[in-house]
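Undergrad: Take a look at the following structure, please.
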């Protein structure tokens, strides 16, 4: 194909979009509505996943050391713990550090415990993080078997529930987004098919005048792509402005709490790129599948 | 120029449209194809621009055997044959100019040549002043002139017309015939299927009559021969 023919196809595609104003509008609207839903749900899903990971990453195992054990042996014990499978890090925390942390975490009420500093009731401990948060319970069981370990704490019961909740949240999100994408593909391809069914006669005529299939297909290809991408513009604007606003609110009001949303960059640029990609691919796919039906003349 | 040897066409539903056609048409000839409805006229014409593929036999146009040409080569074959239809077959969303230019765009002609040639043929069919109009803004006769302009814009050696005056009033039909005479005078072979008795009897040319899928008459200066 010569360059000037490619240029001709581009001109033809955009001319056709203009002359079929309402049909183009309908196609773009269909893409816009569905991509809007997809982008909102995707942003929610990614944040659920992000927050769930934050919470999960906070899960730790505290292994309290028997008071009878001598601090000289702690290094050896630490190494033993590190040798366990699925363990990511082991940190030593003396009972003094443990008390400080406790007082700090309780805030104003913690002051009351300051008096305990002389008679610290806590034990020295190892804080263990597992490679995968979901392994916490299993690793805790292993840790408990060591003789130097007095007691293991990892939020028994609560942790299992937390993982159930985060898993459900993730799965529901994935199903929703997948369902939406398929609905979107169906809707958009149907709208675009409609615009092309009306051109069936035109395709027949083009073939009679000696146009090759490729020659006929190109403008439709460009048009489908352009319609899909055009449909992505509004969702991108909405998600950019909307997410920035929500992000600011959440960080101002809830920023002090442990929850944190995904940062605007790179999330929004990535989502925008994805929307353009989905729009373009669905547009091209929709128009080419419907043209193919009429090309066998 | 056009040579059909023992051409048979049976449609999948069992209809035997052509039953052994042999014909030779010289370069620059003007040929009417006449015959009752359903006699095989349309199939005969359709085989010439490869809308239908013969079941048997060979059709050689411009040195290519249409019976053997591959699917992918069909567009190339059609570019050397101008085709004109009873229902004009113009692209409704393109202007007069664009409709004619389309036939040159498919052969990737340069924009400069396209402009020159399109204006030249629009001048020939006297539609230069309506170049920017859309087909539905034109009368039937004007639309047919556009379709003729499109069929000859790339100078095909053969023009095939399937009842080109079928949808037009008598006066317009004569205007269209003037254009065909002009095209033929410039050396283009014209094959025209028609039901128009008056035209065939007035502008006397070679007449091929088809009945029951066979050529029943082939006269150099024939007449219509049917009472319509």
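Residue numbers (this note's numbering), protein chains in the order written: chain A, 30 to 326; chain B, 43 to 270.
Every residue gets a Cβ at the ideal spot worked out from N, C-alpha and C, and that includes glycine.
Quick one: list the residues of chain A neighbouring residue 153 of chain B, beta-carbon separation under 7 Å, in chain order.
TA: Indexing the second chain from 1 puts residue 153 of chain B at position 111. Residues of chain A passing the Cβ test: 33.
Undergrad: Step through the CB atoms of chain A and report whether any lies within less than 8 Å of the CB of residue 164 of chain B.
TA: Taking the second chain and counting its residues from 1, one reaches residue 164 of chain B at position 122. Taking Cβ atoms only, chain A never reaches closer than 8 Å to residue 164 of chain B, which makes this a no.
Undergrad: May I ask you to list the residues that DSSP assigns as paired with residue 98 of chain B?
TA: Here residue 98 of chain B refers to the residue found at position 56 of the second chain. Per DSSP, B:50.
Undergrad: So that I know if they touch, is there some Cβ in chain A lying closer than 8 Å to that of residue 180 of chain B?
TA: Walking along the second chain from the start, residue 180 of chain B turns up at place 138. At a cut-off of 8 Å between C-beta atoms, residue 180 of chain B does not count as an interface residue with respect to chain A.
Undergrad: Taking a cut of 8 Å between CB atoms, which residues from the segment 130 to 148 of chain B lie near chain A?
TA: 131, 132, 133, 134, 135, 144, 145, 147 and 148
Undergrad: Measuring CB atoms only, is the segment 123 to 135 of chain B touching the segment 198 to 206 of chain B, in the sense that at least three cross pairs come out at less than 8 Å?
TA: yes
Undergrad: With a threshold of 16 other CB atoms inside 10 Å of the CB of residue 203 of chain A, please say whether the residue is buried or exposed.
TA: Sequence index remark: in the first chain, residue 203 of chain A carries index 174 (1-based). Counting Cβ neighbours within 10 Å, residue 203 of chain A comes out exposed, since fewer than 16 surround it.
Undergrad: Tell me the DSSP secondary structure of residue 245 of chain B in three-state form.
TA: Translated into positions along the second chain, residue 245 of chain B becomes position 203. In the structure shown, residue 245 of chain B sits in coil (DSSP, three-state: anything other than H, G, I, E or B).
Undergrad: On the CB-based measure, 16 or more other CB atoms within 10 Å of its CB, does residue 32 of chain A come out buried or exposed?
TA: Here residue 32 of chain A is taken as the residue at index 3 of the first chain, counted from 1. Residue 32 of chain A is exposed by the Cβ-count criterion.
Undergrad: For residue 124 of chain B, which residues does DSSP report across the bridge?
TA: Position 82 of the second chain, counting from 1, holds the residue named residue 124 of chain B. Looking at the DSSP output, residue 124 of chain B bridges to B:201.
Undergrad: Helix, strand or coil for residue 185 of chain A, going by three-state DSSP, please let me know.
TA: What you label residue 185 of chain A is simply residue 156 of the first chain in a count that begins at 1. In this structure, residue 185 of chain A counts as coil in the three-state DSSP scheme.
Undergrad: What are the residues of the segment 248 to 273 of chain A that lie near chain B, defined by any Cβ-Cβ distance shorter than 7 Å?
TA: Flagged: no residues at all.
Undergrad: Given that residue 305 of chain A touches chain B, what residues does it touch there, using C-beta distances under 9 Å?
TA: Walking along the first chain from the start, residue 305 of chain A turns up at place 276. Within chain B, no residue comes near residue 305 of chain A; the closest Cβ sits about 28 Å away, beyond 9 Å.
Undergrad: Name, going along the chain, the residues of the segment 50 to 64 of chain A whose beta-carbon falls closer than 9 Å to a beta-carbon of chain B.
TA: none
Undergrad: The beta strand (DSSP E) spanning residue 93 of chain A covers which residue range?
TA: If you number the first chain from 1, residue 93 of chain A lands on position 64. Residues 90 to 94.
Undergrad: Our contact map puts residue 309 of chain A next to residue 254 of chain A with C-beta atoms below 8 Å; I'd like the distance itself, whole angstroms only.
TA: In the first chain, residue 309 of chain A corresponds to position 280, counting from 1. In the first chain, residue 254 of chain A corresponds to position 225, counting from 1. About 5 Å; that satisfies the 8 Å criterion.
Undergrad: Let me confirm a value: residue 186 of chain B is counted as buried when at least 16 other C-beta atoms fall within 10 Å, else exposed. Which label applies?
TA: In the second chain, the residue the question calls residue 186 of chain B occupies position 144. Buried, because 16 or more other Cβ atoms sit within 10 Å of the Cβ of residue 186 of chain B.
Undergrad: Could you give the DSSP three-state label for residue 158 of chain A: helix, strand or coil?
TA: If you number the first chain from 1, residue 158 of chain A lands on position 129. Strand at residue 158 of chain A.
Undergrad: Is the shortest distance between the beta-carbon of residue 244 of chain A and the beta-carbons of chain B less than 8 Å?
TA: Reading the first chain from its first residue, position 215 is the one you call residue 244 of chain A. With 8 Å as the cut-off, residue 244 of chain A counts as an interface residue toward chain B.
Undergrad: Below 8 Å, can you find three or more Cβ-Cβ pairs linking the segment 91 to 111 of chain B to the segment 243 to 259 of chain B?
TA: Fewer than three beta-carbon pairs drawn from the segment 91 to 111 of chain B and the segment 243 to 259 of chain B are found closer than 8 Å, and the two stretches are therefore not classed as touching.
Undergrad: Compute the Euclidean distance between the alpha carbons of residue 73 of chain A and residue 211 of chain A, then round it to the nearest angstrom.
TA: As a first step, residue 73 of chain A must be located in the first chain, where it is residue number 44. As a first step, residue 211 of chain A must be located in the first chain, where it is residue number 182. If you draw a straight line from the Cα of residue 73 of chain A to the Cα of residue 211 of chain A, it comes to about 18 Å.
Undergrad: Given a cut-off of 8 Å, decide if residue 149 of chain A and residue 125 of chain A are closer than it, judged by their beta-carbon atoms.
TA: Counting from 1 along the first chain, the entry for residue 125 of chain A is found at position 96. Counting from 1 along the first chain, the entry for residue 149 of chain A is found at position 120. Against a cut-off of 8 Å, the Cβ pair of residue 149 of chain A and residue 125 of chain A comes out as a contact.
Undergrad: Can the beta-carbon of residue 77 of chain A be found less than 8 Å from the beta-carbon of residue 259 of chain A?
TA: For the purposes of this step, residue 77 of chain A is taken as the residue at position 48 of the first chain. For the purposes of this step, residue 259 of chain A is taken as the residue at position 230 of the first chain. Contact: no.
Undergrad: If you compare alpha carbons, which of B:269, B:159, B:135 and B:250 is closest to residue 64 of chain B?
TA: Looking up residue 64 of chain B in the second chain gives position 22. Checked all of B:269, B:159, B:135 and B:250; the closest Cα to residue 64 of chain B is B:250.
Undergrad: So, helix, strand or coil for residue 61 of chain B, using DSSP?
TA: Taking the second chain and counting its residues from 1, the one referred to as residue 61 of chain B is at position 19. Three-state DSSP puts residue 61 of chain B in a strand.
Undergrad: Find the residues of chain A that neighbour residue 125 of chain B, judging by a C-beta separation of less than 7 Å, and give them in chain order.
TA: Mapped onto the second chain, residue 125 of chain B falls at position 83. Residues of chain A passing the Cβ test: 237.
Undergrad: Does residue 104 of chain A pass the burial test, meaning 16 or more other C-beta atoms within 10 Å, or should it be called exposed?
TA: Working through the first chain from its first residue, we reach residue 104 of chain A at position 75. In this structure residue 104 of chain A is exposed. Its beta-carbon is surrounded by fewer than 16 other beta-carbon atoms within 10 angstroms.
Undergrad: Within the 8 Å Cβ cut-off, does residue 45 of chain A reach chain B?
TA: For this step, residue 45 of chain A is matched to residue 16 along the first chain. Chain B, which has a Cβ nearer than 8 Å to the Cβ of residue 45 of chain A, makes this yes.
Undergrad: State yes or no: is the beta carbon of residue 85 of chain A nearer than 8 Å to at least one beta carbon in chain B?
TA: Position 56 of the first chain holds residue 85 of chain A. Not an interface residue.
Undergrad: DSSP on residue 180 of chain A, reduced to helix/strand/coil?
TA: Working through the first chain from its first residue, we reach residue 180 of chain A at position 151. Residue 180 of chain A falls in the strand class under three-state DSSP.
Undergrad: My guess is that residue 370 of chain A and residue 94 of chain A are in contact by the Cβ rule of under 8 Å, so how many angstroms apart are they, rounded?
TA: Absent from the structure is residue 370 of chain A, since the part of chain A shown begins at 30 and ends at 326.
Undergrad: Mapping the DSSP letters down to three states, classify residue 116 of chain A as helix, strand or coil.
TA: Translated into positions along the first chain, residue 116 of chain A becomes position 87. Reduced to three states, the DSSP call for residue 116 of chain A is strand.
Undergrad: Between residue 297 of chain A and residue 151 of chain A, what straight-line distance do the alpha-carbon atoms span, to the nearest angstrom?
TA: Position 268 of the first chain holds residue 297 of chain A. Position 122 of the first chain holds residue 151 of chain A. Whole-angstrom Cα-Cα distance: 47 Å.
Undergrad: Alpha helix (DSSP H) containing residue 227 of chain B: first to last residue?
TA: Along the second chain, one-based indexing puts residue 227 of chain B at 185. 212 to 227 is the span of the alpha helix (DSSP H), which, as asked, contains residue 227 of chain B.
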